[in-house]
Amino acid sequence: GDSVTQTEGLVTVTEGLPVMLNCTYQTAYSDVAFFWYVQYLNEAPKLLLRSSTDNKRTEHQGFHATLHKSSSSFHLQKSSVQLSDSALYYCALSASSGSWQLIFGSGTQLTVMP
Amino acid sequence: EAAVTQSPRNKVAVTGGKVTLSCNQTNNHNNMYWYRQDTGHGLRLIHYSYGAGSTEKGDIPDGYKASRPSQENFSLILELATPSQTSVYFCASGDGTGGARQDTQYFGPGTRLLVL
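This is the structure:
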């Protein structure tokens, strides 16, 4: 079945430095969509980015991600992190034919240190 | 942005008791979902619904039932609660824009359930 892998459970970065959160996937479908959700402490997850176009960069709130079907990846990046970026980040895939289901990765906790 | 509310926000239940978690959305979304969130597992889909009167099993439906009596309301029912069901439960609704495979989901604030 479809799956999403986020290899880092915890990422710690110093404020002002770049960060990349990894997301890879497995799916038998070619027509797919990808999402990054962000969850701040004691809040609900909310959509950060979404994309379904191969090799097209998508940006929001200083974060960007590019879907690369050749490597089955949708990594999230930011060139200069802020303290307020500390949160739990989920990568998700939607690929099941005829279904609206999202398949989430296990999440990456990003901690930004001063 | 979509408004999704959940009640109760916190719940303590006893093993073997019945628990009902409620979710309400005010944006006329067709799709609604129930997830549980556990450390190391992320968000896992329990049940979902495409509209009033419909419920579908997600990835981990065992021990849970769902009810969608109206467009706005979607409940999750634990008939016989067990300690393994201690978790944070999120409800979400989806607007279905961008096509069937690009449903943007809007989450409620969550319910913390402790089963003793």
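Keeping their order, the protein sequence lines are chains A and B. At position 113 of the first sequence (counting the first as 1) the number is 372 in this note's numbering, and the numbers step up by one without a gap. At position 87 of the second sequence (counting the first as 1) the number is 242 in this note's numbering, and the numbers step up by one without a gap. Glycine is no exception: its CB is placed at the ideal position from the N, C-alpha and C atoms.
Burial state of residue i, where buried means 16 or more other Cβ atoms lie within 10 Å
i: M187/B; result: buried
i: T160/B; result: exposed
i: Y288/A; result: exposed
i: Q285/A; result: exposed
i: T181/B; result: exposed
i: L347/A; result: buried
i: G249/B; result: buried
i: K315/A; result: exposed
i: D313/A; result: exposed
i: L300/A; result: exposed
i: A158/B; result: exposed
i: L268/B; result: buried
i: G263/B; result: buried
Supposed contact pair residue j and residue i - C-beta distance, whole angstroms, cut 8 Å
i: H265/A; j: N281/A; result: One point to set straight first is that residue 265/A is Gln, not His, in the sequence displayed. Yes, they are in contact, since the Cβ atoms of Q265/A and N281/A sit about 6 Å apart, within 8 Å.
i: P163/B; j: T241/B; result: Going by Cβ atoms, the distance from P163/B to T241/B rounds to 15 Å, so no, they are not a contact pair.
i: A236/B; j: V270/B; result: 5 Å
i: Q260/B; j: L361/A; result: 6 Å
i: C350/A; j: F322/A; result: Not quite, the Cβ-Cβ distance comes to about 12 Å (not below 8 Å), so this is no contact.
i: F363/A; j: L198/B; result: 4 Å
Residues sharing a beta bridge with residue i, DSSP
i: L280/A; result: L335/A
i: L352/A; result: F293/A and I362/A
i: G249/B; result: N186/B and Q260/B
i: V327/A; result: Reading off the sequence shown, one finds His at residue 327/A, where the question assumed Val. Partner(s): S332/A.
i: Q298/A; result: L347/A
i: Q285/A; result: S262/A
i: V371/A; result: V272/A
i: G197/B; result: D193/B
i: V340/A; result: Beta-bridge pairing links V340/A to no other residue.
i: I232/B; result: T175/B and K220/B
i: T317/A; result: A324/A
Coarse secondary structure for residue i, derived from DSSP in three states
i: S222/B; result: strand
i: Q161/B; result: strand
i: S239/B; result: helix
i: L271/B; result: coil
i: S311/A; result: coil
i: G172/B; result: coil
i: S204/B; result: strand
i: T128/B; result: Here chain B covers residues 156 to 271 and nothing more, so residue 128/B does not appear.
i: A255/B; result: Note that A255/B has pLDDT 45, beneath the 50 cutoff, so the model's placement of it is unreliable and no number is given.
Within chain C, the residues that residue i reaches when beta carbons sit closer than 9 Å
i: P277/A; result: Absent here is chain C; the protein component of the structure consists of chains A and B.
Can you find at least 3 beta carbon pairs, one from the stretch 200 to 215 of chain B and one from the stretch 225 to 240 of chain B, that sit closer than 8 Å? Yes, they touch.
Could you tell me whether the stretch 265 to 274 of chain A touches the stretch 364 to 372 of chain A, using the rule of 3 or more Cβ pairs below 8 Å? The stretch 265 to 274 of chain A is in contact with the stretch 364 to 372 of chain A.
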